[in-house]
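Asks: From first to last, the protein sequence lines are chains D and E.
Heads up, the first sequence is in our numbering, so the first residue is 246 and it goes up one at a time.
Heads up, the second sequence is in our numbering, so the first residue is 13 and it goes up one at a time.
For every residue, glycine included, the Cβ atom is placed at its ideal position computed from N, Cα and C.
There's a structure below that I have some questions on.
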Amino acid sequence: MNHRGTRVLRLDALARVEGEAALHLRVEGDTVTETRLRIYEPPRFFEAFLTGRGHTEPPDITARICGICPVAYQMSACRAIEDACGVTVDGPLAELRRLLYCGEWIESHTLHIYLLHAPDFLGRADVVELARDQRAAVERGLRLKQAGNAIVEQLGGRPIHPVNVRIGGFYRTPAPDELRPLAERLRQARDDARETVRWVAAFDFPDAVCDHDLLALRDPGRYAIDSGTPAVVSAQGRGPASRELPLPDFEQHVKEGQVPHSTALTATLDGRRYLTGPLARYAINGRWLHPVAAEAARDAGLGDPETGAVCDNPFRSIVVRAVEVVQAVEEALRIIDGYERPPRPAVGVPPRRAAGAGATEAPRGLLYHRYALTEDGTIAEARIIPPTAQNQTAIEEDVRRAVQARLEATGPAADDEELTHLCERAIRNHDPCISCAAHFLDVTVERR
Amino acid sequence: MNGRVVVIGVGNPLRGDDGVGPATVEALRGRVPDGTVLTVSDGEPARMLDLWRGADTVVVVEALRTRPARPGELHTLTPADAANRTAATASTHALGLGECLALAEALGRLPKGLVVHAMEVADVELGAPLSEAARSALPDLVDQVAASVRHAYGSGHEG
Numbered sequence: 246m247n248h249r250g251t252r253v254l255r256l257d258a259l260a261r262v263e264g265e266a267a268l269h270l271r272v273e274g275d276t277v278t279e280t281r282l283r284i285y286e287p288p289r290f291f292e293a294f295l296t297g298r299g300h301t302e303p304p305d306i307t308a309r310i311c312g313i314c315p316v317a318y319q320m321s322a323c324r325a326i327e328d329a330c331g332v333t334v335d336g337p338l339a340e341l342r343r344l345l346y347c348g349e350w351i352e353s354h355t356l357h358i359y360l361l362h363a364p365d366f367l368g369r370a371d372v373v374e375l376a377r378d379q380r381a382a383v384e385r386g387l388r389l390k391q392a393g394n395a396i397v398e399q400l401g402g403r404p405i406h407p408v409n410v411r412i413g414g415f416y417r418t419p420a421p422d423e424l425r426p427l428a429e430r431l432r433q434a435r436d437d438a439r440e441t442v443r444w445v446a447a448f449d450f451p452d453a454v455c456d457h458d459l460l461a462l463r464d465p466g467r468y469a470i471d472s473g474t475p476a477v478v479s480a481q482g483r484g485p486a487s488r489e490l491p492l493p494d495f496e497q498h499v500k501e502g503q504v505p506h507s508t509a510l511t512a513t514l515d516g517r518r519y520l521t522g523p524l525a526r527y528a529i530n531g532r533w534l535h536p537v538a539a540e541a542a543r544d545a546g547l548g549d550p551e552t553g554a555v556c557d558n559p560f561r562s563i564v565v566r567a568v569e570v571v572q573a574v575e576e577a578l579r580i581i582d583g584y585e586r587p588p589r590p591a592v593g594v595p596p597r598r599a600a601g602a603g604a605t606e607a608p609r610g611l612l613y614h615r616y617a618l619t620e621d622g623t624i625a626e627a628r629i630i631p632p633t634a635q636n637q638t639a640i641e642e643d644v645r646r647a648v649q650a651r652l653e654a655t656g657p658a659a660d661d662e663e664l665t666h667l668c669e670r671a672i673r674n675h676d677p678c679i680s681c682a683a684h685f686l687d688v689t690v691e692r693r
Numbered sequence: 013m014n015g016r017v018v019v020i021g022v023g024n025p026l027r028g029d030d031g032v033g034p035a036t037v038e039a040l041r042g043r044v045p046d047g048t049v050l051t052v053s054d055g056e057p058a059r060m061l062d063l064w065r066g067a068d069t070v071v072v073v074e075a076l077r078t079r080p081a082r083p084g085e086l087h088t089l090t091p092a093d094a095a096n097r098t099a100a101t102a103s104t105h106a107l108g109l110g111e112c113l114a115l116a117e118a119l120g121r122l123p124k125g126l127v128v129h130a131m132e133v134a135d136v137e138l139g140a141p142l143s144e145a146a147r148s149a150l151p152d153l154v155d156q157v158a159a160s161v162r163h164a165y166g167s168g169h170e171g
């Protein structure tokens with residue numbers, strides 16, 4: 246290192262993380278001694294905002310937490326309140342919810358793959374530069390994203406902050422005929438989705454290994470999206486398996502602690518660092534991928550998901566996301582093909598004095614909600630544990646490893662600009678949805 | 013008349029002055045010709061491109077964060093201004109409006125007519141209402157946007 250003393254670099258960098266955050270990195274000599282990701286996080290505000298509201302309100306209110314994954318917030322909220330009220334939503338209503346959720350997966354993953362993440366691998370500053378010389382690829386991404394958007398708009402009533410979801414089901418359900426144009430569009434999206442896997446699989450991936458415990462819902466027989474039981478694959482002895490954490494015990498295992506540098510709470514799972522999101526889902530649910538998605542995964546070099554393959558390289562998360570888009574397209578088509586309009590758009594959810602929990606797989610990972618209700622359904626307490634807060638410690642560790650590996654590499658020393666870019670990449674691997682609002686990632690590199 | 017006119021209010025109404033775009037769109041209801049599309053967006057570029065697909069004229073209403081800020085100050089920007097200006101000052105939305113316009117240009121998807129009305133803002137706290145400065149400047153902003161919409165139809169007739 247040529248730098249002497251302390252040097253602080255501040256950058257208004259990075260639009261390509263959804264939300265706003267800051268990263269502080271301290272390098273002493275050739276060693277990274279501190280990585281602190283600071284997240285400004287809306288769910289804390291929303292927990293307070295929800296208290297005192299009626300039990301029918303969380304799906305509409307929490308949909309506002311994130312412009313990219315409103316459906317995830319709605320679905321976890323619905324499941325938690327229905328759990329508290331002792332109501333199960335199943336059959337065609339549950340299938341419709343899953344279809345809506347597939348739309349969000351397609352939209353959110355495709356946004357991340359094409360507009361945010363791919364430029365990192367292709368040496369482009371951003372998607373604008375990418376569009377100039379790979380216009381067909383970017384057009385493909387926009388087309389594919391639009392297919393997901395169409396599902397959300399059709400079932401959610403509008404493209405952002407869907408208004409058609411309620412506890413117990415929907416305000417209005419579509420007639421099978423109304424879903425036909427969607428199916429047509431999804432059949433076209435199939436090709437784009439498979440081509441996306443081939444496109445990203447050919448990228449150049451830095452060598453990296455993460456050894457976080459992995460947490461995802463497990464829904465035997467199908468790839469977990471909107472339901473399932475939390476399950477963990479330990480960093481030691483990867484492989485099928487895992488232990489389950491029944492949802493009522495979730496907060497006994499996942500503990501959140503406030504750290505001074507973040508408004509988010511950072512989480513541990515039984516005292517250990519862990520990761521949720523596509524890598525965890527793939528490890529835990531891979532064997533239940535649709536055959537077309539499983540084949541795409543094998544062809545893309547992710548190993549055989551049917552035997553419980555685990556992808557340990559966080560840079561390859563872009564490939565897993567692409568496989569999950571194939572999965573979501575196939576799943577959406579399956580649901581539409583078998584769809585019959587439910588007899589009622591929603592089942593009744595009469596309030597009672599109780600608490601309930603719900604978890605679903607947001608595109609970025611497991612999203613947990615818990616509500617305590619009074620007799621008349623007033624919310625006495627709300628708890629939201631979003632995926633990005635759960636992943637914060639794992640992301641910091643990934644950043645530390647990436648920078649450390651670079652500092653130890655032979656050749657010219659890395660300057661601050663290169664380190665900043667490397668940090669951004671390590672963060673983007675996990676598609677942190679830090680908020681849906683103002684968006685600055687200030688990176689400071691402090692060298693001693 | 014070739015006038016398909018789309019007005020997009022960009023912003024999050026739950027974040028204080030970030031909500032000036034949506035507030036403007038709300039205030040325009042009943043004040044613009046039938047057929048004018050009034051819509052709001054979080055500014056995400058792929059959605060913006062979808063919203064203006066097939067439009068002849070697009071009017072974007074947006075919050076600008078500047079340093080130092082003069083909250084309530086209004087700006088009318090051409091696409092080129094907006095691309096530069098938002099890079100220098102920073103729009104408050106994930107991939108900024110400048111990037112969105114540049115992407116549209118690279119893909120040949122810029123609408124024929126595009127105008128950006130922006131208000132400088134300072135307070136974008138979650139849960140905050142519109143600030144006094146933003147509230148006082150809002151009627152002028154609404155007038156300017158309404159004038160842009162009228163102008164779009166006017167030039168449609170001529171063309």
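#1: Report the residues of the stretch 56 to 79 of chain E with a CB closer than 8 Å to any CB of chain D, ordered along the chain.
#2: Taking Cβ-Cβ distances below 8 Å as the criterion, which residues of the stretch 387 to 413 of chain D are in contact with chain E?
#3: Residue range of the alpha helix (DSSP H) that Gly33/E falls in?
#4: Report the residue from Asp93/E, Asn24/E, Asp54/E, Arg65/E whose alpha carbon sits nearest the alpha carbon of Val18/E.
#5: What residues of chain D sit near Ala35/E, judged by a beta carbon separation below 8 Å?
#6: With distance defined between alpha-carbon atoms, name the residue in His300/D, Pro451/D, Asn674/D, Ala382/D nearest to Ala654/D.
#7: Give the secondary structure of Pro475/D by DSSP, where H, G and I count as helix, E and B as strand, and everything else as coil.
#8: Work out the CA separation of Leu618/D and Ala625/D for me, nearest whole Å.
#9: Once the 5 residues before and after Gly593/D are set aside, which same chain residues still bring their CB inside 8 Å of it?
#10: Does the Cβ-Cβ distance between Cys455/D and Pro559/D come in under 7 Å?
#11: For a test of the three-state rule: what should DSSP assign to Cys678/D, helix, strand or coil?
#12: State the Cα-Cα distance for the pair Thr513/D and Gln635/D, rounded to the nearest angstrom.
#13: What is the C-beta distance between Pro465/D and Leu611/D, in whole angstroms, given that I count them as a contact (C-beta under 8 Å)?
#14: DSSP state of His362/D, grouped into three classes?
#15: Can you name the start and end residues of the beta strand (DSSP E) that Ser1/E belongs to?
#16: Under the three-state reduction of DSSP, which class applies to Ala461/D: helix, strand or coil?
#17: For Gly21/E, count the other beta carbons within 10 Å of its own beta carbon; 16 or more makes it buried, fewer makes it exposed. Which is it?
#18: Is His498/D near the ligand SAH, going by C-beta to nearest heavy atom under 6 Å?
#19: Just to confirm before moving on: does the CB-CB distance between Val574/D and Leu664/D stay below 7 Å?
#20: Just the Cα atoms here: how many angstroms apart are Tyr318/D and Gln391/D?
#21: Against chain E, does Ala627/D count as a neighbour if the rule is that its beta carbon must be under 7 Å from one of theirs?
#22: Which residue or residues does DSSP assign as beta-bridge partners of Arg415/D?
#23: Count the other CB atoms within 10 Å of the CB of Ala164/E; is the residue buried (16 or more) or exposed (fewer)?
#24: Are the C-beta atoms of Leu142/E and some chain D residue less than 7 Å apart?
#25: Provide the residue(s) that pair with Ala627/D in DSSP beta bridges, ordered along the chain.
#26: Answer yes or no: does any C-beta atom of chain E fall closer than 7 Å to that of Phe290/D?
#27: Taking Ile581/D and Ala428/D to be in contact with their CB atoms under 8 Å, please state how far apart those CB atoms are, rounded to whole angstroms.
#28: My output table needs one value for His269/D: the three-state DSSP class, helix, strand or coil.
#29: How close, in whole Å, do the beta carbons of Tyr616/D and Ala329/D come, if the pair is a contact with beta carbons under 8 Å?
#30: Is Arg283/D helix, strand or coil when you go by DSSP?
#31: Opposite Met320/D in the DSSP bridges: which residues?
#32: Count the other CB atoms, across all protein chains shown, that sit within 10 Å of the CB of Val526/D; report buried if there are 16 or more and exposed otherwise.
#33: Given that Ala469/D touches chain E, what residues does it touch there, using C-beta distances under 8 Å?
#34: Could you have a look at Thr296/D and say whether DSSP puts it in helix, strand or coil?
#35: Quick one: does Val316/D have its CB under 7 Å from some CB of chain E?
#36: Taking only beta-carbon positions, decide if Thr101/E is within less than 7 Å of chain D.
Replies: Reading off the structure:
#1: Glu56, Pro57, Ala58, Arg59, Leu61, Asp62, Arg77
#2: Against chain E - using a Cβ distance shorter than 8 Å - the residues of the stretch 387 to 413 of chain D are Leu387, Lys390, Gln391, Asn394, Pro404, Ile405.
#3: 32 to 40
#4: Arg65/E
#5: Ordered by position in chain D, no residue passes the 8 Å Cβ test against Ala35/E, which lies about 16 Å from the chain.
#6: Pro451/D
#7: strand
#8: 5 Å
#9: Val332, Gly413
#10: yes
#11: strand
#12: 7 Å
#13: About 17 Å; that fails the 8 Å criterion.
#14: helix
#15: Given a span of 13 to 171 for chain E in the structure shown, any question on residue 1/E remains unanswerable.
#16: strand
#17: buried
#18: Of ligands this structure carries none, so the ligand SAH is not represented either.
#19: No, the Cβ-Cβ distance between Val574/D and Leu664/D is not below 7 Å.
#20: So the two alpha carbons sit approximately 21 Å from each other.
#21: No, Ala627/D lies away from the interface with chain E (no Cβ there is under 7 Å from its Cβ).
#22: Inspection of the sequence shows that residue 415/D is occupied by Phe rather than by Arg. Bridge partners of Phe415/D: Val410/D.
#23: buried
#24: Chain D, which has no Cβ nearer than 7 Å to the Cβ of Leu142/E, makes this no.
#25: In the DSSP output, where bridge partners are listed per residue, Ala627/D has Tyr616/D.
#26: For Phe290/D, the answer is yes, since a Cβ of chain E falls inside 7 Å of its Cβ.
#27: 5 Å
#28: strand
#29: 6 Å
#30: strand
#31: In the DSSP output, where bridge partners are listed per residue, Met320/D has none listed.
#32: Note on identity: in this sequence residue 526/D is Arg, with Val being the wrong assignment. It counts as buried.
#33: Chain E residues near Ala469/D: none, gap ~26 Å exceeds 8 Å.
#34: coil
#35: no
#36: At Thr101/E, the pLDDT of 39 sits below 50, so the modelled position is not reliable and the matter cannot be decided from this model.
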